[in-house]
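**Student:** Taken in order, the sequence shown gives residues 2 to 340; the numbers are from the numbering used here. First the structure, which I've put down as structure tokens, then a few questions once you've had a look.
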Amino acid sequence: PAKKEKEVKPTVHKTNFEKDVVYLYQFTRTPMLPSISPFCLKVETWLRLAGLKYENIDHKLKLRSKKGQLPFVEVNGEEIADSTIIMKELAQRYDKDLDAALTQEQRNIAHAMISMLENHLIWVVLSWRSKNTEQMLKGYKINLQHALGSRLPNALLSFFFKFQFSRKGAKKVKAQGLGVHKPEEIEEFGRKDLKVLSELLADKPFFFGDEPTTLDCVAFSVLAQIHFILDEVKYGLKEFMQENCPNLVGHVSRIKERCFPDWEDICTKLDLNAHIPKPEPETKENKEGADTEKTAEQEKNESEKELEKDNSNEKTEKKEEKAEKVEENKEKEEAAAAK
């Protein structure tokens with residue numbers, strides 16, 4: 002017998018994809034900001050700045066890239082993982098280089114600043130989160146049932162999350178190198194990073210002038226983690242940024258307004274795809290109009306059926322009259338022949 006061909010599994014999760022639409026896999030929304038992952042927020046902000054058509058996939062936190070990461074994207078049946086590689090690949094593929102107008106010196110500065118943000122300041126933020134898990138949940142108003150896609154009670158989820166997140170987070174921060182320092186020392190490192198960014202930005206709208214670049218995108222994704230946290234939660238870095246780096250607060254607001262006009266819908270409805278137009282709900286007027294149209298159509302159909310029926314009856318009557326005349330003529334002919 003012929004060998005059964007081995008079924009080839011699809012290499013992407015979204016098999017019914019639309020050409021050139023970027024499908025983004027990331028963490029769920031929160032009531033304070035679109036994502037508490039700076040890397041996920043970075044990619045989504047870049048996609049919006051670049052003007053690429055994209056759609057978030059609600060995967061209930063069940064999926065990771067082949068590298069084991071979030072975020073990752075799928076485009077035209079191909080997976081691209083790691084936020085930096087995602088932006089680089091898509092920029093080349095669709096000619097969307099946000100840094101095209103920069104000089105080589107500016108590119109070098111951007112590279113150094115991005116390295117500081119992603120390899121240092123982010124870890125300062127993660128260190129605070131791992132040591133203040135309860136404050137983090139409160140500060141970002143995180144509902145763990147929604148965030149983790151679980152039906153377990155929030156109290157139970159909170160207990161396990163605090164234990165796991167705190168333990169794993171502390172382990173990662175220690176491995177990175179920051180974890181060996183005291184909390185106040187780590188916060189001081191973060192303050193110095195913020196001061197450097199603030200001095201580079203100065204009084205410009207964006208880091209290199211009037212238009213945002215990749216650095217603005219990365220800076221926003223990290224600074225938003227510091228800025229968009231409840232005021233009632235004591236967070237030293239937020240207080241320092243507000244008091245000593247107001248231009249960074251202004252920068253965050255400008256990127257938010259430019260890239261996220263749907264911010265309120267994202268945070269109140271926790272909508273992953275607030276940027277995609279929704280079909281209009283059926284209003285009473287539309288429904289009545291549709292019902293009226295339907296009734297008129299039904300009346301038209303019924304009239305046509307009645308007309309067809311009348312025509313059919315008329316044709317039948319004519320056929321019967323013709324048959325009677327033929328029969329009558331036949332009888333007359335037979336009578337004449339008999340005479």
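Using N, Cα and C, we set each Cβ at its ideal position, and we do this for glycine too. None of these values were measured; they are calculated from a predicted model.
Suppose the cutoff is 6 Å on Cβ atoms and the five residues either side in sequence are ignored; what does the same chain contact list for V9 look like?
**Tutor:** One-based indexing of the sequence shown puts residue 9 at position 8. Here V9 scores only 48 on pLDDT, less than 50, and its place in the model should not be relied on; the value that follows carries that caveat. There are no such residues.
**Student:** Here's the rule: buried if 16 or more other CB atoms are within 10 angstroms of the residue's CB, otherwise exposed. What is F40?
**Tutor:** Taking the first residue of the sequence shown as position 1, residue 40 is located at position 39. By the beta-carbon neighbour count (other beta carbons within 10 angstroms, threshold 16), F40 is buried.
**Student:** Could you have a look at L25 and say whether DSSP puts it in helix, strand or coil?
**Tutor:** Against the sequence shown, residue 25 aligns to sequence position 24. In the structure shown, L25 sits in a strand (DSSP, three-state: E or B).
**Student:** Along the beta strand (DSSP E) that carries N57, what are the first and last residues, could you check?
**Tutor:** Your numbering for residue 57 matches position 56 in the sequence shown. Per DSSP, N57 belongs to the beta strand (DSSP E) from Y55 to N57.
**Student:** Where I277 and V181 are concerned, what is the direct C-alpha to C-alpha distance, given to the nearest angstrom?
**Tutor:** Indexing the sequence shown from 1 puts residue 277 at position 276. Indexing the sequence shown from 1 puts residue 181 at position 180. For I277 and V181, the distance between alpha carbons rounds to 45 Å.
**Student:** For the stretch 209-229 against the stretch 255-266, are there 3 or more C-beta pairs whose distance is under 8 Å?
**Tutor:** yes
**Student:** Sorted by chain position, which residues of the same chain lie with C-beta nearer than 7 Å to A275's C-beta, five sequence neighbours on each side aside?
**Tutor:** On the sequence shown, position 274 is the one that residue 275 refers to. Within the same chain, A275 has close Cβ partners D263, D266 and I267.
**Student:** Using a Cβ-Cβ cut-off of 7 Å (strictly less than) and excluding sequence neighbours within five positions of C260, which residues of its own chain qualify?
**Tutor:** On the sequence shown, residue 260 is found 259 positions in, with the first residue counted as 1. Excluding positions up to five away in sequence, the list reads T46, R49 and L50.
**Student:** Check whether the stretch 197-217 and the stretch 103-110 touch, using three or more Cβ-Cβ pairs below 8 Å as the test.
**Tutor:** yes
**Student:** Between G178 and L122, is the Cβ-Cβ spacing less than 8 Å?
**Tutor:** As a working note, residue 178 is residue 177 in the sequence shown. As a working note, residue 122 is residue 121 in the sequence shown. Their beta carbons are not under 8 Å apart, which means G178 does not touch L122 by this criterion.
**Student:** Got a sec, what are the start and stop residues for the alpha helix (DSSP H) I87 sits in?
**Tutor:** To locate residue 87, count along the sequence shown from 1; it is residue 86. Start and end: S84 to Y95.
**Student:** Are the C-beta of I230 and some C-beta of chain D separated by less than 8 Å?
**Tutor:** The displayed structure is made up of one protein chain only, and chain D is not part of it.
**Student:** Is the beta carbon of L25 sitting closer than 8 Å to the one on N77?
**Tutor:** Sequence index remark: in the sequence shown, residue 25 carries index 24 (1-based). Sequence index remark: in the sequence shown, residue 77 carries index 76 (1-based). Remark: C-beta atoms of L25 and N77 do not approach each other more closely than 8 Å.
**Student:** According to DSSP, which residues form a beta bridge with E79?
**Tutor:** The count along the sequence shown starts at 1 and reaches residue 79 at position 78. DSSP, once it has assigned bridges, lists V76 as partnering E79.
**Student:** Does the stretch 167-174 come into contact with the stretch 124-139, if we say contact requires no fewer than three beta-carbon pairs (one atom in each stretch) closer than 8 Å?
**Tutor:** yes
**Student:** Whose CA, out of K89, Q93, L145 and L53, lies closest to the CA of F28?
**Tutor:** Position 27 of the sequence shown, counting from 1, holds the residue named residue 28. The residue with the shortest Cα to Cα distance from F28 is L145.
**Student:** Looking at H252 and L202, is the spacing between their C-beta atoms short of 8 Å?
**Tutor:** As a working note, residue 202 is residue 201 in the sequence shown. As a working note, residue 252 is residue 251 in the sequence shown. Yes. Within cutoff.
**Student:** Could you please give me the residues that DSSP links to G140 through a beta bridge?
**Tutor:** Counted from its first residue, the sequence shown places residue 140 at position 139. None, per the DSSP bridge assignment.
**Student:** Using the three-state DSSP reduction, which class does G180 fall into: helix, strand or coil?
**Tutor:** Within the sequence shown, the letter at position 179 stands for residue 180. Looking at G180 - three-state DSSP - the assignment turns out to be helix.
**Student:** Just to confirm, is the Cβ distance from M137 to L195 under 8 Å?
**Tutor:** Translated into positions along the sequence shown, residue 137 becomes position 136. Translated into positions along the sequence shown, residue 195 becomes position 194. Contact: no.
**Student:** Roughly how many whole angstroms lie between the Cα atoms of Y236 and F166?
**Tutor:** Translated into the one-based positions of the sequence shown, residue 236 becomes position 235. Translated into the one-based positions of the sequence shown, residue 166 becomes position 165. If you take the alpha carbons of Y236 and F166, they lie about 19 Å apart.
**Student:** Starting from K239 and walking both ways along the alpha helix (DSSP H), at which residues does that stretch end?
**Tutor:** Along the sequence shown, one-based indexing puts residue 239 at 238. K239 -> alpha helix (DSSP H) spans G237 to N245.
**Student:** Which stretch, first to last residue, makes up the alpha helix (DSSP H) that contains D217?
**Tutor:** The residue labelled residue 217 in the question sits at position 216 within the sequence shown. Per DSSP, D217 belongs to the alpha helix (DSSP H) from T215 to H228.
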